[in-house]
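S.K.: Protein chains in written order, with our numbering: chain A, 6 to 301; chain B, 21 to 165.
Ideal Cβ positions, reconstructed from N, Cα and C, are used throughout, including at glycine.
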Amino acid sequence: MPPRRLLSRVALALAAAFPAPAPAQVRASEAASVSQTVDGTRITIEYSRPRGRARDSLFGKVVPWGEVWTPGANLATTLEVTKDVRVNGRPLSKGKYSVWMVVRPETVWTVVLDPRAQRYHTERPDSTAEQIRFPVHRSERPFSEVLTWSFPAVRTDGATLAMQWGTSYVPFDIEVRPTYLLPFPAQQAAPYLGTYSWEWNGPPPDSTMKPMTLTVSYANGTLMGRWEPPPFPEWETFALIRIADNWFIPGFLLKGELWEVAREMVLEFSVRAGRATAFEVRDETDKLMATGKRKP
Amino acid sequence: MDLEKTATSRRRFLGACAAALAAGLIRARPARAAMALLASAGPHPTPRPGITADKVLTREQLADQPNAIPVFDQVREIPEVVDGIRCQCGCADHPGYYSLLSCFEGDAMAKSCPVCQGQGRLARRLHKAGKSLDEIRSAIDARYG
Chain A
6 MPPRRLLSRV
16 ALALAAAFPA
26 PAPAQVRASE
36 AASVSQTVDG
46 TRITIEYSRP
56 RGRARDSLFG
66 KVVPWGEVWT
76 PGANLATTLE
86 VTKDVRVNGR
96 PLSKGKYSVW
106 MVVRPETVWT
116 VVLDPRAQRY
126 HTERPDSTAE
136 QIRFPVHRSE
146 RPFSEVLTWS
156 FPAVRTDGAT
166 LAMQWGTSYV
176 PFDIEVRPTY
186 LLPFPAQQAA
196 PYLGTYSWEW
206 NGPPPDSTMK
216 PMTLTVSYAN
226 GTLMGRWEPP
236 PFPEWETFAL
246 IRIADNWFIP
256 GFLLKGELWE
266 VAREMVLEFS
276 VRAGRATAFE
286 VRDETDKLMA
296 TGKRKP
Chain B
21 MDLEKTATSR
31 RRFLGACAAA
41 LAAGLIRARP
51 ARAAMALLAS
61 AGPHPTPRPG
71 ITADKVLTRE
81 QLADQPNAIP
91 VFDQVREIPE
101 VVDGIRCQCG
111 CADHPGYYSL
121 LSCFEGDAMA
131 KSCPVCQGQG
141 RLARRLHKAG
151 KSLDEIRSAI
161 DARYG
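1. Since alanine 162 of chain B meets chain A, which of its residues come closer than 8 Å, beta carbon to beta carbon?
2. Please report the straight-line C-alpha distance between tryptophan 114 of chain A and methionine 168 of chain A, rounded to a whole angstrom.
3. As a quick exercise: from A:Arg95, A:Lys298, A:Ala295 and A:Asp291, pick the residue whose alpha carbon is nearest that of arginine 144 of chain B.
4. Leaving out five residues on either side along the sequence, give the residues of the same chain with a beta carbon under 7 Å from the beta carbon of glutamine 41 of chain A.
5. Contact check, proline 130 of chain A vs valine 116 of chain A under 8 Å by CB: the rounded distance?
6. Is the beta carbon of alanine 78 of chain A less than 9 Å from the beta carbon of proline 55 of chain A?
7. Report yes if the C-beta distance between methionine 294 of chain A and tryptophan 240 of chain A is below 9 Å; otherwise report no.
8. Output, in chain order, the set of chain A residues within a Cβ distance shorter than 7 Å of leucine 142 of chain B.
9. Could you tell me whether the Cβ atoms of glutamate 265 of chain A and phenylalanine 257 of chain A are closer together than 9 Å?
10. Going by beta carbon distance, what residues of the same chain come within less than 7 Å of leucine 142 of chain B, once the five residues before and after it are set aside?
11. Let me see if you follow: with CB-CB separation under 9 Å, is aspartate 162 of chain A close to chain B or not?
12. When the Cα atoms are used, what is the spatial distance from alanine 194 of chain A to valine 221 of chain A?
13. Name the chain A residues whose beta carbon is nearer than 9 Å to that of glycine 150 of chain B?
14. Spatial neighbours of glutamate 51 of chain A within its chain, please: CB distance less than 6 Å, with the 5 preceding and 5 following residues excluded, ordered by chain position.
15. Within the continuous alpha helix (DSSP H) that includes arginine 138 of chain A, where are the two ends?
16. Under 8 Å between beta-carbons, which chain B residues line up against valine 271 of chain A? List them in chain order, please.
17. Checking contacts by CB at 9 Å: is aspartate 44 of chain A closer than that to chain B?
18. Go ahead and label tryptophan 70 of chain A buried or exposed: buried means 16 or more other beta carbons lie within 10 angstroms of its beta carbon, across all protein chains shown.
19. Please report the Cβ distance between alanine 281 of chain A and tyrosine 223 of chain A, rounded to the nearest whole angstrom; I am assuming they are in contact, meaning their Cβ atoms lie under 8 Å.
20. Give the secondary structure of isoleucine 156 of chain B by DSSP, where H, G and I count as helix, E and B as strand, and everything else as coil.
21. With a threshold of 16 other CB atoms inside 10 Å of the CB of glutamine 30 of chain A, please say whether the residue is buried or exposed.
22. Rounded to whole angstroms, what's the CA-CA distance from valine 102 of chain B to valine 141 of chain A? Just pull it up for me.
23. Roughly how many angstroms separate the alpha carbons of glycine 138 of chain B and threonine 153 of chain A, rounded to a whole number?
24. Going straight from the alpha carbon of leucine 77 of chain B to that of tyrosine 185 of chain A, what length do you get?
25. Return the CA-CA distance between proline 301 of chain A and proline 69 of chain B, expressed in angstroms with no decimal places.
26. Helix, strand or coil: which one does DSSP assign to glutamine 192 of chain A?
27. Return no unless some Cβ of chain B is closer than 9 Å to the Cβ of aspartate 89 of chain A.
28. Could you tell me whether any Cβ in chain A is nearer than 9 Å to the Cβ of valine 101 of chain B?
29. Going along chain A, which residues have a C-beta under 9 Å from glutamine 85 of chain B?
30. For a contact defined as C-beta to C-beta under 9 Å, what are the partners of valine 171 of chain B on chain A?
31. For valine 92 of chain A, which residues does DSSP report across the bridge?
32. Find the residues of chain A that neighbour glycine 138 of chain B, judging by a C-beta separation of less than 7 Å, and give them in chain order.
33. Taking Cβ-Cβ distances shorter than 9 Å, what residues in chain A pair up with alanine 159 of chain B?
34. Cα separation between serine 212 of chain A and threonine 200 of chain A?
35. Does valine 76 of chain B get closer than 9 Å to chain A when you measure Cβ to Cβ?
36. For the beta strand (DSSP E) containing arginine 68 of chain B, name the first residue and the last one.
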């Protein structure tokens, strides 16, 4: 067995035997992690961060073209997702994967996610059916001395995950499964449509608040709520998102897309003879916040 | 529109709502939010035969948390129901945990956790309304899962 491979095997065995936290030790490539939660799905990258150390041509020389390389150092970089996601459009099951890239002189590289998460960086995986492979586009950015993973963009339905080392920048998209859906069947909306009184259970949260009404309407396939007057000028309308029969939580929209969901309050409608007649609003502790009755 | 200001206003409003009705509990939210991220969905437990509320903290044991006394009293009425519910706040992975009932015993996370309290109140409210354990579980999953 070649000495380098033997050393790798020993290092891997040691790493497995003595997992983190490691004792105080200065490493050429220090350990790091970055994590982002999107709609309840946690996405985590764990890696070691090699530095450029004034080496020229990081890619093509330090990392030879065509090499299956882990974008990190020491133990292979890992990607962990706590729920099923899609990565650059491809389904990826909940779990932890070692991350590899096939680097090329061209701008299209290949990312390989291997379910064998714990590997040393020289233990390059053979191609298997369990791996997820997809092309990514490398672009140029201002020089970064330390290899860096980041989430430069976060959306309500996903995030951009990116690796940069030197001037090479490789982003890819992670899409999560949405918890809340805005579309609401038109025929099921009818029982709720109308205007309701809104009575606080006790003094209003803000002493300057005026008596309010809640109007429920149906627009663009979504059940909408509107307070008049709104408790804040910018809080005029919100989507009513159904979480159970006759139970709804408010979802705030930005440019027609769900931006934030307030699970702190639930509207529970009472439906009699196919028509909502009243509702209760309950907070996170299930205490009654407010009640409403349909206005004639 | 100033998005940050908008978000702050909404949060401030929701916080004010909660604070007005559940004074003191709002302080526990950051810790709860962090725990909720760790919460893993799992099956609801099977109520233990003959389970009682003997270990649910008493009024005397809650002297430092008087606001929590009513919900502990409510849970004490229905141990056989609460013992069949998995807590959704993240504490279900703690050693010694069996069911939502565990949150009202011993160190009693429910003394300060709004989610534990909310589930306890909701369970009792729906039980009083004649709902079955499965219906209560479904409601808790929809509300807190």
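M.R.: Taking the coordinates as given:
1. Ile248, Ala249 and Trp252
2. 12 Å
3. A:Asp291
4. Ile48, Phe156, Val159 and Ala164
5. Proline 130 of chain A to valine 116 of chain A, Cβ: 13 Å. No contact.
6. yes
7. no
8. Asp291
9. yes
10. Ala159, Ile160 and Arg163
11. no
12. 9 Å
13. Under the 9 Å cutoff, chain A gives no residues; its nearest Cβ is about 15 Å from glycine 150 of chain B.
14. Ser38 and Thr83
15. Premise fails: arginine 138 of chain A lies in the beta strand (DSSP E), 137-142, not in any alpha helix (DSSP H).
16. Arg163
17. no
18. exposed
19. Alanine 281 of chain A to tyrosine 223 of chain A, Cβ: 13 Å. No contact.
20. helix
21. exposed
22. 50 Å
23. 42 Å
24. 37 Å
25. 51 Å
26. helix
27. no
28. no
29. Chain A residues near glutamine 85 of chain B: none, gap ~13 Å exceeds 9 Å.
30. Shown here, chain B extends from 21 to 165; a query on residue 171 of chain B therefore has no answer.
31. A:Arg95 and A:Ile179
32. Glu289, Thr290 and Asp291
33. Ala249 and Trp252
34. 24 Å
35. no
36. Run containing arginine 68 of chain B: none; DSSP gives neither H nor E here.
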